[in-house]
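Encoded as structure tokens, the structure appears first; notes follow it.
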Amino acid sequence: ELERLRQKAEAPAISIDGSRVEVFANIASPRDAEAAIRNGAEGSGLFRTEFLFLNRKTAPTEEEQFGAFVKVGEAFGEKPVIIRTFDIGGDKQIDYMRLPDEANPFLGVRGLRLYETHRELFTAHIRAILRAAFSFNFQIMVPMVAEVDECIRIRSAIEEVHTDLEREGVQHRWPLPIGAMIETPAAALLAGKLASRVDFFSIGSNDLTQYIMAAERGNPNLVHFADPLHPAVLSAIKLAVESAHLHGKKIGVCGEMGSDRDGIAALLALGVDEISMSPAKIPEAKERIRSLDRSRLLSLLPHLEEEGSAKAIRSFLKELEEGR
Ligand code: PEP
Ligand code: MG
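For the sequence shown, the working numbering assigns the number 7 to the initial residue and increments by one for each residue that follows.
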């Protein structure tokens with residue numbers, strides 16, 4: 007029985023009508039990587055690298071980071087691992103980075119907004135990623151993108167690191183895919199313009215919801231706004247998916263929405279290529295995908311869009327399931 011469950015977890019997730027959705031794992035440490043593989047992850051759609059920086063007095067060295075990346079690579083083997091460059095700031099503060107005091111940290115210097123003022127940290131980070139990527143199927147993903155110029159600058163900053171490594175004769179991978187997170191409303195609105203500058207997208211539904219709804223994630227008084235099934239969020243995701251596909255780019259989702267029953271149904275209707283979630287949720291999410299009819303959901307999308315709230319969208323999906 008255990009063996010049967012394990013095989014089921016490892017098998018791909020294909021909807022009733024034959025559409026495959028890749029199911030990846032969100033990980034935050036080498037230890038999570040092992041859990042991801044045990045639970046049937048086909049890759050990692052989000053490797054949160056912040057653990058390397060948090061709870062310590064000094065910045066991690068390039069070697070230390072390299073070691074952690076290699077460990078994750080070893081767990082995933084040939085499977086793709088999307089390494090997200092450090093997303094510090096917002097609710098994640100770090101003493102040795104001396105970040106500015108801000109009235110609204112979530113609207114402040116966060117994610118890639120830090121990289122130009124913290125050049126040394128950024129360089130050591132990218133060096134470690136490119137070096138570890140030599141032996142593995144790594145991709146780089148950048149958090150908090152909000153405009154086209156950022157995509158251009160980040161790509162050339164990463165390329166500069168590659169040029170240095172090459173000059174020094176240090177073994178590393180180049181080129182490798184560089185993607186952008188769609189987690190600001192600006193990025194969703196500009197996805198059509200960003201698409202020609204990046205290799206792939208991944209929707210961060212947690213932050214995208216927070217920023218679209220202007221409601222801080224985790225604020226207990228605003229939980230009803232923290233629902234990624236809100237029509238405004240779905241509409242932003244729809245735009246991003248259409249823009250990505252128009253340019254032949256893949257688009258995944260790495261926020262909590264990807265492991266929510268209704269979220270999965272909505273994401274199938276919206277046409278995403280991959281969903282990534284915490285390892286423990288993978289087997290159930292795969293079963294959920296196997297129970298859905300993607301073309302039917304697709305044809306119902308206009309009705310879904312007519313609903314007036316996240317709550318109404320959830321009841322619509324529930325009625326659908328119960329065949330009412
Ligand atoms: C997100 O914002 O949805 C996301 C996946 O990133 P994080 O939760 O780490 O901000
Ligand atoms: Mg985020």
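Glycine included, every Cβ here is placed at the ideal spot set by N, Cα and C.
Helix, strand or coil for residue i, going by three-state DSSP, please let me know.
{"i": "Leu162", "result": "Residue identity check: residue 162 is Ser in the sequence provided, not Leu. In this structure, Ser162 counts as helix in the three-state DSSP scheme."}
{"i": "Met187", "result": "strand"}
{"i": "Ile209", "result": "strand"}
{"i": "Phe128", "result": "helix"}
{"i": "Arg331", "result": "As displayed, the chain neither begins before 7 nor continues past 330, which places residue 331 out of reach and without an answer."}
{"i": "Met103", "result": "helix"}
{"i": "Gly95", "result": "strand"}
{"i": "Gln177", "result": "coil"}
{"i": "Met150", "result": "coil"}
{"i": "Phe112", "result": "helix"}
{"i": "Phe142", "result": "coil"}
{"i": "Gly198", "result": "helix"}
{"i": "Asp299", "result": "coil"}
{"i": "Thr123", "result": "coil"}
{"i": "Ser315", "result": "coil"}
{"i": "Gly224", "result": "coil"}
{"i": "Val229", "result": "helix"}
{"i": "Glu118", "result": "At residue 118 the sequence reads Leu, which differs from the Glu that was named. In this structure, Leu118 counts as helix in the three-state DSSP scheme."}
{"i": "Val167", "result": "helix"}
{"i": "Glu327", "result": "helix"}
{"i": "Glu7", "result": "coil"}
{"i": "Leu214", "result": "helix"}
{"i": "Glu16", "result": "helix"}
{"i": "Lys85", "result": "coil"}
{"i": "Leu306", "result": "helix"}
{"i": "Leu182", "result": "coil"}
Can you give the beta carbon distance from residue i to residue j, rounded, assuming they're within the 8 Å contact cut?
{"i": "Ile89", "j": "Phe144", "result": "6 Å"}
{"i": "Phe57", "j": "Ala65", "result": "That belief does not hold up - the Cβ atoms of Phe57 and Ala65 are roughly 13 Å apart, past 8 Å."}
{"i": "Ala291", "j": "Val29", "result": "6 Å"}
{"i": "Ser50", "j": "Ala42", "result": "6 Å"}
{"i": "Val247", "j": "Lys199", "result": "In fact, because the Cβ distance is near 15 Å, the residues do not count as touching under 8 Å."}
{"i": "Pro234", "j": "Ser211", "result": "4 Å"}
{"i": "Ile184", "j": "Val204", "result": "6 Å"}
{"i": "Val76", "j": "Phe53", "result": "Between Phe53 and Val76 the Cβ distance is about 13 Å, and since that is not below 8 Å, they are no contact."}
{"i": "Glu311", "j": "Leu240", "result": "7 Å"}
{"i": "Glu114", "j": "Glu108", "result": "The displayed chain sequence assigns Gly, not Glu, to residue 114. Right, the Cβ-Cβ distance comes to about 4 Å (below 8 Å), so this counts as a contact."}
{"i": "Asn32", "j": "Ser208", "result": "With a Cβ gap of about 10 Å, Asn32 and Ser208 do not count as contacting."}
{"i": "Ala232", "j": "Thr215", "result": "6 Å"}
{"i": "Gly224", "j": "His251", "result": "With a Cβ gap of about 32 Å, Gly224 and His251 do not count as contacting."}
Please tell me whether, using a cut-off of 7 Å, the distance from the CB of residue i to the nearest non-hydrogen atom of ligand 2 is below it.
{"i": "Gly175", "result": "no"}
{"i": "Pro149", "result": "yes"}
Would you say the beta carbon of residue i comes nearer than 7 Å to a heavy atom of ligand 1?
{"i": "Leu120", "result": "no"}
{"i": "Cys157", "result": "no"}
{"i": "Gly261", "result": "yes"}
{"i": "Leu52", "result": "yes"}
{"i": "Asp93", "result": "yes"}
Any C-beta of chain C sitting closer than 8 Å to the C-beta of residue i?
{"i": "Gly261", "result": "Looking for chain C here will not work: only one protein chain is present."}
Examine ligand 4 and report whether any of its heavy atoms sits within less than 7 Å of the Cβ of residue i.
{"i": "Asp268", "result": "Among the ligands in the structure shown, ligand 4 does not appear; only ligand 1 and ligand 2 can be found there."}
4 or more residues per run - each alpha helix (DSSP H) lying fully within the stretch 18 to 78: 36 to 44
query: Fully enclosed by the stretch 231 to 290, which alpha helix (DSSP H) runs are 4 residues long or longer?
result: 237 to 252 and 267 to 276
message: Just to be sure I understand the criterion: a residue counts if its Cβ is closer than 5 Å to at least one heavy atom of ligand 2. Which residues meet that?
response: Glu189, Gly210 and Asp213
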